[in-house]
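Novice: Note that the protein sequences, when read in sequence, are chains A and B. Sequential numbering from 3 applies to the first sequence in my numbering. Sequential numbering from 3 applies to the second sequence in my numbering. All residues carry an ideal CB built from backbone N, CA and C; glycine is no exception. If you're wondering where the values come from, they're calculated on a predicted model, not measured in any experiment.
Protein chains: 2
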Amino acid sequence: MRIGEVAERAGVSVRALRYYEEQGLLAAYRSPGGQRHYAPEAVERVRFIQNLYAAGLGSKAVLQILPCMEHGILTQEMHERLLAERARVQAQLEELIATRDKLDLVIRSGQAHRSGATASRGSVPEAGHVT
Amino acid sequence: MRIGEVAERAGVSVRALRYYEEQGLLAAYRSPGGQRHYAPEAVERVRFIQNLYAAGLGSKAVLQILPCMEHGILTQEMHERLLAERARVQAQLEELIATRDKLDLVIRSGQAHRSGATASRGSVPEAGHVT
DNA sequence: CTCCGACTTGACGCTCACGTCAACGTCAGG
DNA sequence: CCTGACGTTGACGTGAGCGTCAAGTCGGAG
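1. Are the C-beta atoms of Glu79/B and some chain A residue less than 9 Å apart?
2. Between which two residues does the alpha helix (DSSP H) holding Tyr55/B run?
3. To which residues of the same chain is Val16/A closer than 8 Å at the C-beta, ignoring the five residues directly before and after it?
4. With burial defined as no fewer than 16 other Cβ atoms inside 10 Å of the residue's Cβ, what is the status of Arg123/A: buried or exposed?
5. Apart from the five residues just before and just after Ala30/A, which ones in its own chain have a Cβ nearer than 7 Å to its Cβ?
6. In whole angstroms, what is the alpha-carbon distance linking Thr77/B and Glu96/A?
7. For chain B, is any of its Cβ atoms less than 9 Å away from the one on Val91/A?
8. Output, in chain order, the set of chain B residues within a Cβ distance shorter than 7 Å of Met71/A.
9. Which residues in chain A sit within 9 Å of Glu87/B, going by Cβ to Cβ distance?
10. If we define contact as Cβ-Cβ less than 9 Å, is Leu28/A a contact residue for chain B?
11. Distance check for Ala56/A and Val132/B, CA to CA, integer angstroms please.
12. From the beta carbon of Arg102/A, is the nearest beta carbon of chain B less than 9 Å away?
13. Arg88/B: which of Asp103/B, Arg102/B, Val64/B sits nearest, CA to CA?
14. Can you name, in chain order, every residue of its own chain whose Cβ lies under 7 Å from the Cβ of Val25/B, other than the five neighbours on each side?
15. Just how far apart, CA to CA, sit Arg32/A and Leu98/B?
16. Using the DSSP secondary-structure output, state which residues sit across from Arg32/B in a beta bridge.
17. Rounded to whole angstroms, what's the CA-CA distance from Ile67/B to Gly112/B? Just pull it up for me.
18. Beta-carbon within less than 6 Å of Arg11/B's beta-carbon, same chain only, minus the 5 sequence neighbours each way: which residues are those?
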């Protein structure tokens, strides 16, 4: 696959893919003319990179974590690093849940202040969340 | 309270508080000499601002959402806006959970490749999460 | 009154994950 | 060979949420 197709399938820009290569996150074979060609697995790899970015990790962190995905070899240091990153993700997760619940409070209290009946189509948060 | 105390209690920098005021997110009374003085509630307000930032909202979004926290009045437009933001937070939440689980997979598979016994002190992820 | 730490207003710097423009090369179809 | 879509490198731009320095002011203890 060439860069445009990968970009479209993974839902990112072409520029982003070149940036990933520049950061050492995503390798590409080159055609004789110099064009990048990617293996099909690149698409999922890019999606995972996006996940890590969304989790608040920077390029350096992603660069250190990504190799472990592929070959599954963990040094002692990498193992601790992964645990630390997992903990950060988990903490961020719990903060996000708290924030979501605060938003729900505002929405529900606002609901009480409204006059007419508003049909709730499943998007209105109910009390007692599990996830 | 003056700005330094608010900053310390809320766990942010003095610069951040001035930035919030600049963005209209956090009002402050002024002493005759021009120094900022805050009500005690400012601390929690700042924490909530941080929560919203961490949830990926920008200053504009926070600016529109914050007033609803205080007086609890919701226009139709604001209600929809809040629902939309909640949906985004929820989506981000689910992506984060997926990312965490992927990290767990890497950690656990790496665990299998290790030689000796590694004492798990509750920090090693187990299968079958609920939250 | 003096002193010193906390505060003030600018204003510029920084990081990061790209966006965007310029100028040019590649490649498959007709 | 020609065309047009797609690709290349290089470089500068962007936006947000502050960090940081400069030069001066405020305010309470002694």
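Specialist: Checking against the coordinates, here is how it stands:
1. Taking the first residue of the second sequence as position 1, residue 79/B is located at position 77. Contacts with chain A at 9 Å (Cβ-Cβ) do not include Glu79/B.
2. As a position in the second sequence, residue 55/B is number 53, starting the count at 1. Segment 43-56, the alpha helix (DSSP H) holding Tyr55/B.
3. Working through the first sequence from its first residue, we reach residue 16/A at position 14. Here the set comprises Ile5, Gly6, Ala9.
4. Numbered from 1 along the first sequence, position 121 holds the residue referred to as residue 123/A. Residue placement at Arg123/A is flagged as unreliable, the pLDDT there being 40, under the threshold of 50; the coordinate-derived value follows with that caveat. Looking at its Cβ environment, which holds fewer than 16 other Cβ atoms inside 10 Å, Arg123/A is exposed.
5. The residue given as residue 30/A occupies position 28 in the first sequence. The residues are Glu23, Arg38, His39, Tyr40.
6. Along the second sequence, one-based indexing puts residue 77/B at 75. Along the first sequence, one-based indexing puts residue 96/A at 94. So the two alpha carbons sit approximately 29 Å from each other.
7. Residue mapping note: residue 91/A aligns to position 89 of the first sequence, counting from 1. A Cβ of chain B is located within less than 9 Å of the beta carbon of Val91/A.
8. Position 69 of the first sequence, counted from the first residue, corresponds to residue 71/A. Under the 7 Å cutoff, chain B gives Val108.
9. Within the second sequence, numbered from 1, the residue matching residue 87/B stands at position 85. Contact annotation for Glu87/B against chain A: Leu105 [CB-CB distance below 9 Å, chain order].
10. On the first sequence, residue 28/A is found 26 positions in, with the first residue counted as 1. Interface flag for Leu28/A against chain B is unset, since no Cβ pair is found closer than 9 Å.
11. Within the second sequence, the letter at position 130 stands for residue 132/B. Within the first sequence, the letter at position 54 stands for residue 56/A. Because the pLDDT at Val132/B is just 48, under 50, the model does not fix this residue reliably, and the value given afterwards should be weighed accordingly. If I take the Cα positions, the gap works out to 22 Å.
12. To locate residue 102/A, count along the first sequence from 1; it is residue 100. Yes, Arg102/A counts as interfacial toward chain B.
13. By one-based count along the second sequence, residue 88/B stands at place 86. Closest by alpha carbon: Val64/B.
14. Reading the second sequence from its first residue, position 23 is the one you call residue 25/B. Looking at the sequence provided, one finds Gln at residue 25/B rather than Val. Correct list, in chain order: Ser61, Leu65.
15. Residue mapping note: residue 32/A aligns to position 30 of the first sequence, counting from 1. Residue mapping note: residue 98/B aligns to position 96 of the second sequence, counting from 1. Rounded to whole angstroms, the gap between the alpha carbons of Arg32/A and Leu98/B is 34 Å.
16. On the second sequence, position 30 is the one that residue 32/B refers to. Paired residues: Arg38/B.
17. Counting from 1 along the second sequence, the entry for residue 67/B is found at position 65. Counting from 1 along the second sequence, the entry for residue 112/B is found at position 110. The alpha-carbon atoms of Ile67/B and Gly112/B are separated by roughly 44 Å.
18. Along the second sequence, read from residue 1 onward, the residue named residue 11/B stands at position 9. Beyond the five residues adjoining it in sequence on each side, Arg11/B comes within less than 6 Å, by CB distance, of Val45 in the same chain, given in chain order.
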